[in-house]
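Asks:
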Amino acid sequence: MFHHYCERHGLGLLDEPLNLTTNISFFLAAAAAAHLMKKHGRLNSGNAILVILMILIGTGSTLYHSFASKWAEVSDVVPIFLYQIAFLWLYCQKIIKLTQVYSFLGIFLFIAINVFSCNFQSVLNGSIMYFPAFIVVFSLGVYHLMHQQIERLAILAASLVFSLSLLFRTIDLYICPLWPLGTHFIWHILNGLLLYLTTRVIILAGNEPPH
88 MFHHYCERHG LGLLDEPLNL TTNISFFLAA AAAAHLMKKH GRLNSGNAIL VILMILIGTG
148 STLYHSFASK WAEVSDVVPI FLYQIAFLWL YCQKIIKLTQ VYSFLGIFLF IAINVFSCNF
208 QSVLNGSIMY FPAFIVVFSL GVYHLMHQQI ERLAILAASL VFSLSLLFRT IDLYICPLWP
268 LGTHFIWHIL NGLLLYLTTR VIILAGNEPP H
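As numbered in the working numbering, residues 88 to 298 make up the sequence shown, in order.
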């Protein structure tokens with residue numbers, strides 16, 4: 088069993104009540120994105136995949152903070168990584184309008200950097216693994232502000248939310264002596280907002296990819 092989080096003090100399914108219940112943030116974000124998709128008539132495979140992955144993120148995180156086992160950790164991490172890849176691919180294709188070759192190269196580079204970052208899992212309470220994604224979101228936020236008219240500030244706002252969520256994820260164990268509930272649950276709440284903002288941009292600003 089794992090004890091990676093300040094809130095967990097035992098082996099029971101309900102020993103992380105805040106970390107468990109705040110996973111509702113991901114399901115609410117998915118519901119809001121699905122409503123936005125329906126409202127604007129943007130139901131397509133790319134948008135639907137993002138919404139499905141948001142649901143899987145919520146499900147995986149719920150399992151992990153209930154069972155705190157290795158298999159549950161895999162169910163937590165994999166959907167997050169798949170969402171990152173899907174978002175980057177859709178942004179490159181639908182908004183930047185890169186060719187598939189350049190989009191694949193971007194994805195390959197992103198995966199390679201993420202694999203390399205796995206060598207530093209103990210740094211910053213494991214938050215270092217999310218730094219490649221943060222750099223991508225911030226960079227795309229600057230690009231989006233400079234080159235797009237629809238949802239111009241949304242990705243920069245998402246990068247701000249991401250930086251705050253990373254902060255609360257990082258300090259979770261360090262703050263235990265002062266606050267036994269930890270701060271990981273705030274990571275969940277903010278990441279629900281982060282996922283909604285990034286998905287919102289794809290839904291509203293994304294057009295068909297080049298052929």
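Think of the CB as a built atom: it goes at the ideal place given N, C-alpha and C, for glycine as much as any other residue. What you are looking at is a predicted structure, and each value in this text was computed from that prediction instead of being measured.
Considering only C-alpha positions, which residue in the set 244, 202 and 267 is nearest to residue 286?
Replies: The option with the nearest alpha carbon to residue 286 is 244.
Asks: What's the C-alpha gap between residue 213 and residue 257?
Replies: Using only the alpha carbons, I get a separation of about 7 Å.
Asks: Between residue 116 and the rest of its own chain, which residues show a CB-CB distance below 6 Å, the 5 nearest in sequence each way excluded?
Replies: So the qualifying residues of the chain are 141, 279, 282 and 283.
Asks: Alpha carbon to alpha carbon, what distance is there between residue 102 and residue 95?
Replies: One C-alpha to the other measures close to 5 Å.
Asks: Along the alpha helix (DSSP H) that carries residue 125, what are the first and last residues, could you check?
Replies: Where residue 125 is concerned, the enclosing alpha helix (DSSP H) stretches over 111–126.
Asks: Whole angstroms are fine: how far does the CA of residue 261 sit from the CA of residue 250?
Replies: One C-alpha to the other measures close to 18 Å.
Asks: When you compare the region 266–279 with the region 107–125, are there three or more beta-carbon pairs, one atom per stretch, that lie closer than 8 Å?
Replies: A contact exists between the region 266–279 and the region 107–125.
Asks: Check residue 96 in the structure and name its three-state DSSP category.
Replies: Reduced to three states, the DSSP call for residue 96 is coil.
Asks: Would you mind sorting residue 264 into buried or exposed? The rule is 16 or more other CB atoms within 10 Å of its CB.
Replies: With fewer than 16 other Cβ atoms within 10 Å, it is exposed.
Asks: The ligand MN and residue 244: does the residue's C-beta get closer than 8 Å to at least one heavy atom of that ligand?
Replies: For the structure depicted, the ligand MN is absent and the ligand set is empty, with no information on it obtainable.
Asks: Hey, out of 174, 155 and 145, whose CA is closest to residue 134's CA?
Replies: Checking every option, the nearest Cα to that of residue 134 belongs to 174.
Asks: Using only alpha-carbon positions, find the residue among 127, 130, 143 and 148 that is nearest to residue 272.
Replies: The shortest Cα separation from residue 272 among 127, 130, 143 and 148 belongs to 148.
Asks: If you check the beta carbons only, do residue 291 and residue 177 fall under 9 Å apart?
Replies: No.
Asks: I need the DSSP call for residue 176, collapsed to helix, strand or coil.
Replies: Three-state DSSP puts residue 176 in a helix.
Asks: Would you mind giving the Cβ-Cβ distance between residue 81 and residue 241, rounded to the nearest angstrom? I have them listed as a contact below 8 Å.
Replies: Outside the shown range of the chain, which is 88 to 298, sits residue 81, and nothing can be said about it.
Asks: With a threshold of 16 other CB atoms inside 10 Å of the CB of residue 41, please say whether the residue is buried or exposed.
Replies: Since the first and last residues shown for the chain are 88 and 298, residue 41 lies out of range.
Asks: In chain order, which continuous runs of the alpha helix (DSSP H) of length 4 or greater are located wholly inside the region 162–248?
Replies: The region 162–248 contains these whole alpha helix (DSSP H) runs: 187–204 and 218–234.
Asks: Once you ignore the five residues that flank residue 246 on each side, which residues in its own chain have a CB closer than 6 Å to its CB?
Replies: 224, 225 and 228.
Asks: Do residue 120 and residue 107 have their C-beta atoms closer together than 9 Å?
Replies: In this structure, residue 107 does not lie closer than 9 Å to residue 120 by Cβ.
Asks: For residue 167, which residues from the same chain have a beta carbon less than 8 Å from its beta carbon, with the 5 sequence-adjacent residues on both sides left out?
Replies: Cβ within range, chain order: 144 and 147.
Asks: Out of curiosity, what's the CA-to-CA distance linking residue 155 and residue 266?
Replies: The straight-line gap from Cα to Cα measures roughly 21 Å.
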